[in-house]
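Protein chains in written order, with my numbering: chain D, 39 to 102; chain Y, 2 to 401.
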């Protein structure tokens with residue numbers, strides 16, 4: 039899977055970072071950085087939780 | 002013994018209700034799912050209503066949380082413009098405002114809350130509350146008419162966002178708050194004062210420690226009379242003085258209602274009946290406190306939890322750290338936890354003067370909350386500490 043963030047929607051609320059700090063990081067510049075765009079299957083449940091809990095629905099998973 | 006439901010009816014088609022419906026499907030539930038909503042709109046997102054939509058930056062359609070195709074794909078039947086007026090637990094039957102009765106097996110109560118209003122203003126044009134999409138569009142139309150002055154009654158988070166958006170439109174804004182310091186009961190005096198200063202810096206005429214006596218005008222609002230006898234000329238008034246949970250339809254149902262539907266720790270209100278979102282009150286074991294939470298994040302999470310609980314008694318207690326955000330001007334304010342005005346408050350990073358900081362709240366030796374101004378990273382780190390039950394000292398010593 040590949041993580042896709044719509045940065046026009048992202049408001050840097052950092053909910054994803056709390057769930058998966060090894061994958062998402064909001065830095066001091068208040069922007070979100072994806073630390074690992076293609077996490078393994080073991081991380082799927084956590085990434086799906088990020089997708090579901092993002093207040094702006096800015097995260098999606100691409101299967102390619 | 003209780004069993005899992007064969008069909009689930011969800012009353013309330015907003016964020017909590019939709020999340021309940023989606024979670025049922027995610028968990029593999031294959032029985033009928035019906036979503037009953039009082040509004041004529043499909044579920045939509047409310048936070049942009051006081052910000053992007055009100056500002057005119059977003060078309061109203063952008064707030065849609067789903068569409069008919071997606072609902073059909075998920076096998077969720079939506080009945081819109083339909084209000085439930087009564088619940089009969091013994092017969093397991095709902096009554097709708099049309100008089101129609103609907104049988105249910107599993108039930109999620111997610112009827113949310115409605116705005117408190119000022120008595121005697123129903124017939125006065127130009128007086129608004131902001132809760133629904135229709136509220137937002139009516140207020141937006143009034144703001145687009147370039148009124149001379151907007152008066153916001155109540156400097157809570159909704160009032161503050163409306164004030165910020167109206168200032169962003171270049172309108173003159175007076176905000177009236179009954180407390181000496183806005184938000185002091187929620188954030189404490191010091192942090193409430195920081196919020197007040199943000200508005201003053203952006204040109205809001207903020208009047209504190211004064212109540213609103215009367216909102217009056219000939220057909221349309223002309224002035225607001227304050228409790229100190231002074232008056233403010235106003236063409237538009239927005240009243241943001243809190244909400245009331247929508248529980249009247251449950252009168253006589255046998256469910257316990259006390260400022261919300263009383264649930265157990267797992268969000269269950271009765272056999273195969275759960276509640277979620279602004280309408281639900283439940284004991285949150287993490288804080289040892291019975292709470293009702295009016296935040297976006299809670300509606301989404303609790304809706305999903307209620308669904309899981311209906312399907313499986315092992316779903317366990319619902320123990321979130323409540324969290325919300327509020328965007329005002331160029332500040333993102335976030336609060337996580339359960340804070341009170343008399344908690345100990347310590348700024349742990351950044352600068353209050355620059356309005357870019359995080360402050361943590363301590364009570365009885367524990368960290369119970371974190372407030373951030375443009376510090377989302379820190380808010381989420383401290384939120385995790387709250388979730389872990391960390392001590393205040395531990396939190397003060399942490400470095401992020």
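The beta-carbon is built from N, C-alpha and C at its ideal position, and this holds for glycine as well.
Here the structure is a predicted model, which is why all the values come from computation and not from measurement.
With distances taken Cα to Cα, identify the nearest neighbour of residue i among the options.
{"i": "residue 96/Y", "options": "262/Y, 199/Y, 39/Y, 284/Y", "result": "39/Y"}
{"i": "residue 85/D", "options": "65/D, 66/D, 53/D", "result": "53/D"}
{"i": "residue 233/Y", "options": "110/Y, 154/Y, 256/Y", "result": "154/Y"}
{"i": "residue 347/Y", "options": "117/Y, 398/Y, 130/Y", "result": "398/Y"}
{"i": "residue 364/Y", "options": "396/Y, 65/Y, 245/Y", "result": "396/Y"}
{"i": "residue 385/Y", "options": "45/D, 42/D, 57/D, 44/D", "result": "57/D"}
{"i": "residue 28/Y", "options": "362/Y, 313/Y, 389/Y, 371/Y", "result": "313/Y"}
{"i": "residue 343/Y", "options": "270/Y, 361/Y, 356/Y", "result": "361/Y"}
{"i": "residue 86/Y", "options": "72/Y, 73/Y, 102/Y", "result": "102/Y"}
{"i": "residue 136/Y", "options": "13/Y, 163/Y, 288/Y, 181/Y", "result": "163/Y"}
{"i": "residue 247/Y", "options": "280/Y, 25/Y, 143/Y, 147/Y", "result": "280/Y"}
{"i": "residue 332/Y", "options": "40/D, 44/D, 73/D, 50/D", "result": "50/D"}
{"i": "residue 382/Y", "options": "235/Y, 354/Y, 355/Y, 349/Y", "result": "349/Y"}
{"i": "residue 356/Y", "options": "236/Y, 4/Y, 366/Y, 375/Y", "result": "375/Y"}
{"i": "residue 146/Y", "options": "318/Y, 231/Y, 236/Y, 315/Y", "result": "236/Y"}
{"i": "residue 341/Y", "options": "31/Y, 288/Y, 229/Y", "result": "288/Y"}
{"i": "residue 181/Y", "options": "345/Y, 156/Y, 290/Y", "result": "156/Y"}
Where does residue i land, buried or exposed, given buried means 16+ other C-beta within 10 angstroms?
{"i": "residue 401/Y", "result": "exposed"}
{"i": "residue 1/Y", "result": "No information on residue 1/Y is available, as it lies outside the stretch 2 to 401 that chain Y covers here."}
{"i": "residue 149/Y", "result": "exposed"}
{"i": "residue 2/Y", "result": "Its pLDDT being 47, under 50, residue 2/Y is placed unreliably by the model, and the measurement read from it follows with that caveat. It is exposed - the Cβ of residue 2/Y has fewer than 16 other Cβ atoms within 10 Å."}
{"i": "residue 201/Y", "result": "exposed"}
{"i": "residue 393/Y", "result": "buried"}
{"i": "residue 1/Y", "result": "This structure does not reach residue 1/Y, given that chain Y is present from 2 up to 401, and the question cannot be answered."}
{"i": "residue 69/Y", "result": "exposed"}
{"i": "residue 329/Y", "result": "buried"}
{"i": "residue 122/Y", "result": "buried"}
{"i": "residue 76/D", "result": "exposed"}
{"i": "residue 41/Y", "result": "exposed"}
{"i": "residue 377/Y", "result": "buried"}
{"i": "residue 120/Y", "result": "exposed"}
{"i": "residue 310/Y", "result": "buried"}
{"i": "residue 45/Y", "result": "buried"}
By DSSP, does residue i sit in helix, in strand, or in coil?
{"i": "residue 87/Y", "result": "strand"}
{"i": "residue 158/Y", "result": "helix"}
{"i": "residue 129/Y", "result": "strand"}
{"i": "residue 285/Y", "result": "strand"}
{"i": "residue 336/Y", "result": "strand"}
{"i": "residue 329/Y", "result": "strand"}
{"i": "residue 351/Y", "result": "strand"}
{"i": "residue 97/D", "result": "strand"}
{"i": "residue 135/Y", "result": "helix"}
{"i": "residue 401/Y", "result": "coil"}
{"i": "residue 2/Y", "result": "Because the pLDDT of residue 2/Y is 47, which lies under 50, any placement of that residue in the model is unreliable, and the number read from its coordinates should be weighed accordingly. DSSP places residue 2/Y in coil when its eight states are reduced to three."}
{"i": "residue 264/Y", "result": "coil"}
{"i": "residue 164/Y", "result": "helix"}
{"i": "residue 57/D", "result": "helix"}
{"i": "residue 88/D", "result": "helix"}
{"i": "residue 82/D", "result": "helix"}
{"i": "residue 59/Y", "result": "coil"}
{"i": "residue 116/Y", "result": "strand"}
{"i": "residue 69/Y", "result": "helix"}
{"i": "residue 404/Y", "result": "The requested residue 404/Y does not occur in the structure, where chain Y is confined to residues 2 to 401."}
{"i": "residue 62/D", "result": "strand"}
{"i": "residue 382/Y", "result": "helix"}
{"i": "residue 322/Y", "result": "coil"}
{"i": "residue 48/Y", "result": "helix"}
{"i": "residue 39/D", "result": "coil"}
{"i": "residue 222/Y", "result": "coil"}
{"i": "residue 27/Y", "result": "helix"}
{"i": "residue 294/Y", "result": "coil"}
{"i": "residue 101/Y", "result": "coil"}
{"i": "residue 185/Y", "result": "helix"}
{"i": "residue 16/Y", "result": "helix"}
| Contact list for the segment 364 to 380 of chain Y against chain D, Cβ threshold 8 Å | The residues in question are 375, 377, 378, 380.
| said: Under 8 Å: do the segment 61 to 81 of chain Y and the segment 33 to 52 of chain Y share three or more Cβ pairs, one atom per stretch? | reply: With the cut-off at 8 Å, the segment 61 to 81 of chain Y and the segment 33 to 52 of chain Y touch.
| query | At a cut of 8 Å, does the segment 302 to 316 of chain Y reach the segment 328 to 339 of chain Y through at least three beta carbon pairs? | reply | Counting Cβ pairs under 8 Å, fewer than three are found: no touch.
| message | Can you confirm whether the segment 187 to 199 of chain Y touches the segment 212 to 223 of chain Y when touching is taken to mean that 3 or more C-beta pairs between the two stretches lie within less than 8 Å? | response | In this structure the segment 212 to 223 of chain Y does not lie against the segment 187 to 199 of chain Y, because fewer than three pairs of beta carbons, one per stretch, are closer than 8 Å.
| query | Three or more beta-carbon pairs under 8 Å between the segment 199 to 218 of chain Y and the segment 275 to 287 of chain Y, yes or no? | reply | The segment 199 to 218 of chain Y is not in contact with the segment 275 to 287 of chain Y.
| request: Could you say if the segment 98 to 111 of chain Y and the segment 4 to 11 of chain Y meet the contact criterion of at least three C-beta pairs nearer than 8 Å? | output: These segments touch.
| Touching by the beta-carbon criterion (3+ pairs, under 8 Å), the segment 78 to 92 of chain D and the segment 262 to 273 of chain Y | The answer is no - the segment 262 to 273 of chain Y does not touch the segment 78 to 92 of chain D, with fewer than three Cβ pairs under 8 Å.
| query | Pairing CB atoms from the segment 165 to 176 of chain Y with CB atoms from the segment 38 to 57 of chain Y, are three or more of them under 8 Å? | reply | These segments touch.
| request: Anything in the segment 275 to 286 of chain Y with a Cβ closer than 7 Å to a Cβ of chain D? List those residues in chain order, please. | output: Within the segment 275 to 286 of chain Y, no residue has a Cβ that lies closer than 7 Å to any Cβ of chain D.
| query | Is there contact between the segment 235 to 245 of chain Y and the segment 118 to 133 of chain Y, where contact requires at least three CB pairs shorter than 8 Å? | reply | Contact holds: three or more Cβ-Cβ distances are below 8 Å.
| query | Between the segment 44 to 71 of chain D and chain Y, which residues of the former have CB atoms less than 8 Å from a CB of the latter, in chain order? | reply | Per Cβ criterion, the list reads 49, 50, 51, 52, 53, 55, 56, 63, 64, 65, 66, 68.
| query | Which of the residues in the segment 157 to 190 of chain Y, read from start to end, lie with their CB under 7 Å from any CB of chain D? | reply | Against chain D - using a Cβ distance shorter than 7 Å - the segment 157 to 190 of chain Y contributes no residues.
| field | Residues from the segment 318 to 329 of chain Y in contact with chain D, defined by Cβ distance under 7 Å | value | For the segment 318 to 329 of chain Y, which is checked against every Cβ of chain D, the residues closer than 7 Å are 326.
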